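Visitor: Numbering (our numbering), first residue to last: 419 to 943. Virtual Cβ for every residue (Gly too), placed ideally from N, Cα, C. As the structure is a prediction and not an experimental result, all values here were calculated from the model.
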DNA sequence: GGATCCGTTGTAGCT
DNA sequence: AAGCTACAACGGATC
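1. Would you check if the stretch 465–476 and the stretch 496–510 touch, i.e. whether three or more CB-CB distances between them fall below 8 Å?
2. By a C-beta neighbour count over all protein chains shown, 10 Å radius and 16 as the cutoff for buried, is residue 944 buried or exposed?
3. Can you tell me whether residue 450 is helix, strand or coil according to DSSP?
4. Using the three-state DSSP reduction, which class does residue 630 fall into: helix, strand or coil?
5. Does the stretch 772–791 touch the stretch 510–530, meaning 3 or more C-beta pairs lie closer than 8 Å?
6. Mapping the DSSP letters down to three states, classify residue 546 as helix, strand or coil.
7. Among the candidates 571, 603, 488, 731, whose CA atom is the shortest distance from the CA of residue 469?
8. Which runs of the beta strand (DSSP E) at least 3 residues long sit entirely within the stretch 483–509? Give them in chain order.
9. What did DSSP end up calling residue 861 once you bin it into helix, strand or coil?
10. Suppose only complete runs of 4+ residues qualify. What are the alpha helix (DSSP H) ranges in the stretch 564–590, listed by chain order?
11. Going by other Cβ atoms of all chains shown within 10 Å of its Cβ, with 16 needed for buried, is residue 595 buried or exposed?
12. Does the stretch 662–680 come within contact of the stretch 645–654, defined as at least 3 CB pairs closer than 8 Å?
13. DSSP on residue 610, reduced to helix/strand/coil?
14. Assuming residue 423 is part of the beta strand (DSSP E), what are its boundary residues?
15. Does residue 855 come out as helix, strand or coil in the three-state DSSP assignment?
16. How long is the line joining the alpha carbons of residue 804 and residue 662, rounded to whole angstroms?
17. Going by the CB atoms, is the gap between residue 479 and residue 674 shorter than 9 Å?
18. In whole angstroms, what is the alpha-carbon distance linking residue 494 and residue 441?
19. Terminal residues of the continuous beta strand (DSSP E) containing residue 512?
20. Find out if the Cβ-Cβ distance for the pair residue 834, residue 878 is shorter than 9 Å.
21. If you check the beta carbons only, do residue 601 and residue 759 fall under 9 Å apart?
22. What did DSSP end up calling residue 780 once you bin it into helix, strand or coil?
23. Going by DSSP in three states, residue 920 sits in which element: helix, strand or coil?
24. Tell me which residues share the same chain as residue 807 and place their Cβ nearer than 8 Å to its Cβ, disregarding the 5 neighbours each side in the sequence.
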C-alpha cells in the first residue's frame, strides 16, 4: 500500500510538495504519469511543443532512477487508469493519491472525477498548490475576492501573503517495476523532426535559472519594454530569460524563480513592476487567476470580452498562419514560431495585433489556437489572456487605437533589429535587398527588386493589405463596436436602476495632455 | 458625484 | 540621440 504521486505539471523533484509529503507518509512512493489521449493530438499540439515536454518527462524519469525510483508511465483516460490502479490491477497498490492543483478547465473537471473515484475506493487524496505563487483555489473561494485585472493589483495581493521558500528534493524510498516504458514521438503520430530552441527538463531549466540569476546586473536592470524582439535565431541567445517553457510545464517551480529573483534584487537598486522581472511573474499570476475564475475565459462570451464583429476570411488566416502576408517582419515571426517553437513576447504582440485589430480583422481565437499549438511555452491561461489583450477586447488591453506598424523602424516600440540578421534567417527571400527595403521590399524600385532576386509577386508575395488603409478602416470598426457596447450598457443601466441624468460626455475640450515621462517607467527602487 | 488618474510596451515629428 | 509632445481617446478605480 503506497502513496501514488501523480505527475501532470510539476514535472520536477525540487519544490514538489506532493512528493515531499508522500515520502513523509512512509508507505512507499509510486511516481506515475498518465498519457491522456486528450493531450495526444498532433493537430492541436505541435511537434516542438510535445518534444520539449517529452524531454522533460524523460529527464524526470532519469533523475528518479538515479535516486532508486522510477516513473511509471500509464496510458489511457485518467479515470480508467485510476480505476485499474484502485482495483489492484497493477503490481503496486494505492493508499493515498497526491497531486498538485491544476486550475485550467479540463484539469478541474478531470481532477474532480478522480477525487470522487478515489474516495469511492477508500483512497485518501491530498492536493497542493504549486503552479502559481498564489493559492488560487483558496484565494478565489475567500469572501470579498476580486480578481485582479492589472499588474499593480497583483503586486498588492502578493504583498499581503508570504510565499514560502521552495522545498528541497526529498529522500525517496526505493521503487522498481517492470514495463510501463516511456512513449515516443513517432508512436504518437509525429512525423516531422522537432527543432525547438531550448531543451526540456528540470535540470536544464534550473541550469538556465542559475545562469540568468548569475548575471545580477541583467536581473536588476531588466526592463521588458526594452528587450530585443529579434533574438532567438542563434542558439541560446535571447534577450529575455527563456524561463517561460520551464514554468508552463512545471519543470521549474514558480516559487524557486520568485525567490531566486528576489535574492538578486535585494542586492541593490532595480527596475520595478510591471516592466521588471517580478512584474512578468505578476502577469502570470493575473492571467492564471482570471482564467480560473472567469466563465468561458477561452471564448468571446466571457464577461470581460468586448464583442467585436470579426471577419472570417480563410485567405487572410492562411496567409498569416503560414508566414505569407507579404510583410517580412510578420512572416519572419510566424516562420520562427513554426520552426523553433518560440518567439519574443513583443513579436507575439506584432503577430496578434496584425491578425486582429491592426490589419486582418480576424478573430483572436484563431490566432490563440495557432500559438497554443506551436509555442513550446504554450499555456492556456496566459494565451487566452494575452490574445484578448492584444485584440483590444479586454479591460487589461493596452489602448485599442495604438496599433503596431508591421513595417518597424529603429524607433518602433517593438525593438526590432534593423541590421536584418534575424530577418534574413527566417525570410531568406529578402536577404539580398538593401537594408532600407528589407522590411518593405515592395517599395524598392523594380530594378532593385530584380537585382536582389526578390521580385514582389514572384519571389515574395505583395502585402496582403495596405496597412495604412486597413488600420484606418479597423479603427473605425473598433470605435463602432465600443459605442454599441456603450449604448447597450446604458440601456441595461436604465432598465435595472435609476437612469443617469446625462449621456457620458466623450471628449473634454482643452484638456491638458497627459505627461508620459519615460523616467516614470524607469523608476528604480 | 465629478474630476482625475491609471493602464506592461504606438507613432511621427520636433528639439 | 534621447526625450518630449501631439494625435488618437476608453473604462474602471480612486479620491
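Guide: Result, derived from the coordinates:
1. no
2. No answer is possible for residue 944: it lies beyond the span of the chain, which begins at 419 and ends at 943.
3. strand
4. helix
5. no
6. strand
7. 603
8. 490–493
9. helix
10. 569–578
11. exposed
12. no
13. coil
14. 420–425
15. helix
16. 14 Å
17. no
18. 27 Å
19. 512–518
20. no
21. no
22. strand
23. Residue placement at residue 920 is flagged as unreliable, the pLDDT there being 32, under the threshold of 50; a coordinate-derived value is accordingly withheld.
24. 814, 815, 816
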